[in-house]
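Quick note: the sequence shown uses UniProt numbering, first residue 1, plus one each step. I have placed the structure first, in the form of structure tokens, so that the comments after it can refer back to it.
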Amino acid sequence: MSLAKGIVGQSVASQHARRMVAALAPVVGPAVTVDVDLDSAPSPEEDWTTSGGRSLTGYPTERPLGARGHPASAVRAALAWLRALQRASAPAGADTLPGIELLGERAEHLRLSRNAPWSCGGAMTIVPCAHGHLAVSLARPSDVELLPAALERPVEDDAWTALRAWSSTRPAVEAAARLQLLGIPAAPVGVHDGLPARPWLVATPGGRRSPSRRGGRPRVVDLTSLWAGPLCARLLRCAGADVVKVESVHRPDGARSGSPSFFDLLNGGSEQVSLDLHARAGVAHLRALINDADVVLEASRPRALAHLGLDAGDVVAAGTTWLSITARGRESPWVGFGDDIAAGAGLLAQSDAPLPAGDALADPLAGVHAAVAVTAALTSDRAWLLDLSMHDVARMCADDVEPATPNAERRTP
């Protein structure tokens with residue numbers, strides 16, 4: 001099978017597009033051939049400025065900073081893949097996809113600005129440890145409430161002061177593991193030694209898709225919230241899918257409490273359904289929606305839906321593709337938000353001190369790569385369990401990639 005006639009160009013964006021091939025190749029249908037032309041793609045520095053990421057990086061009163069790695073060029077590469085797959089297989093009615101400026105959309109709608117040493121939203125910072133640095137988010141009241149148990153000492157005044165004193169006596173890897181035991185989002189910054197390595201996407205084949213489902217507008221059931229999953233759903237809508245957004249009446253999407261305009265940007269084109277998942281009728285309605293879907297999007301750990309009697313493996317075996325977006329993959333218990341996951345993967349400002357880069361970078365990076373994975377799976381006659389790790393997407397984008405020389409060997413899948 002040939003995934004593409006060739007990825008054209010020697011730019012960093014084209015190099016990232018080639019790195020995506022290994023995970024996508026098994027998923028794409030055998031009859032699909034697409035072209036990805038990134039020959040004239042700008043440099044990572046230019047892309048970072050165009051995306052809005054640079055204006056969101058650095059101290060408030062100082063000049064904006066660049067980012068390590070190539071996050072904006074990675075978005076360019078993923079969107080190029082999505083456009084290519086859209087051209088190859090999208091049904092009538094597909095819309096124009098957004099550009100790399102989507103990296104700065106949340107900050108624009110929430111009126112956020114660069115805020116180092118804090119994240120743009122103010123809930124994450126990077127603290128020094130006895131060895132290394134630790135990215136921690138205290139975004140929810142429960143994170144602050146659990147901190148005394150995690151630190152094994154009372155927190156009498158400021159939570160961040162107590163956390164800094166505690167972390168200063170421990171290695172970052174050990175401190176992150178301790179906080180994660182209590183479900184507090186934390187990660188050692190840029191530390192990969194001793195941690196399991198995995199690709200950004202792990203794809204497991206399932207049952208055959210029903211012939212009646214192929215060729216029309218795909219039906220997507222979106223169980224996700226906040227940014228990464230809804231961004232994936234938005235991009236799939238742009239590529240021609242019909243999306244049903246499902247929320248629990250007891251726990252609606254947390255993004256509803258933020259900017260209404262940003263929520264509408266991500267979800268406004270979806271049919272929106274609220275269900276009482278504590279009631280049998282609500283669970284039955286959810287199962288009916290899933291049974292009728294081509295794709296399910298979720299961003300929960302596997303056990304979160306188990307009490308509803310839902311199992312991704314069973315759904316995929318029955319012919320429906322299931323995309324799971326988690327902090328570090330379905331097998332990992334670790335949790336995270338976009339800012340701490342990005343910092344943990346090494347996506348930092350270009351600065352002597354470890355500072356956040358952009359706004360919750362791991363979220364939009366995961367969202368665009370997830371949309372590529374789902375669109376690729378929809379070209380197949382099989383269903384797929386798509387296990388996407390936000391950390392490993394961000395880690396791939398944090399790697400330094402040099403433009404290839406003109407006579408470099410072109411790798412064609």
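Cβ coordinates follow ideal geometry from the N, Cα and C atoms, glycine included. Model, not experiment: these values are computed from the prediction.
- A check of alpha carbon separations from residue 50 across 224, 103, 315 identifies 103 as the nearest.
- Sorting 275, 386, 373 by C-alpha distance to the C-alpha of residue 204 places 386 at the top.
- Residue 143 carries a helical assignment under DSSP once its states are collapsed to helix, strand and coil.
- For the set 293, 113, 137, the Cα lying nearest the Cα of residue 209 is the one of 293.
- Contact holds between the stretch 353 to 371 and the stretch 230 to 238, because three or more Cβ pairs, one in each stretch, are under 8 Å apart.
- Under the three-state reduction of DSSP output, residue 125 falls in the strand class.
- 53 is the residue among 129, 245, 53 whose C-alpha sits nearest the C-alpha of residue 107.
- Residue 335 has its alpha-carbon roughly 36 Å from the corresponding atom of residue 216.
- For the pair residue 357 and residue 10, the Cα-to-Cα distance works out to about 26 Å.
- The beta carbon of residue 44 lies closer than 6 Å to those of 12, 70, 73 in the same chain, with the five residues before and after it left out.
- About 51 Å separates the CB atoms of residue 207 and residue 353; that is not less than 8 Å, and the two are not in contact.
- A residue is called buried once 16 or more other Cβ atoms fall within 10 Å of its Cβ, and residue 145, having fewer, is exposed.
- Pairing residue 251 with residue 324, the inter-Cα distance amounts to about 19 Å.
- Scanning 285, 255, 349, 284 for the CA closest to the CA of residue 190 turns up 349.
- Taking residue 125 as reference, the option from 59, 170, 267 with the minimal CA-CA separation is 59.
- The C-beta distance from residue 167 to residue 175 rounds to 5 Å, short enough to fall under 8 Å.
- The three-state reading of DSSP puts residue 189 in coil, since its state is none of H, G, I, E or B.
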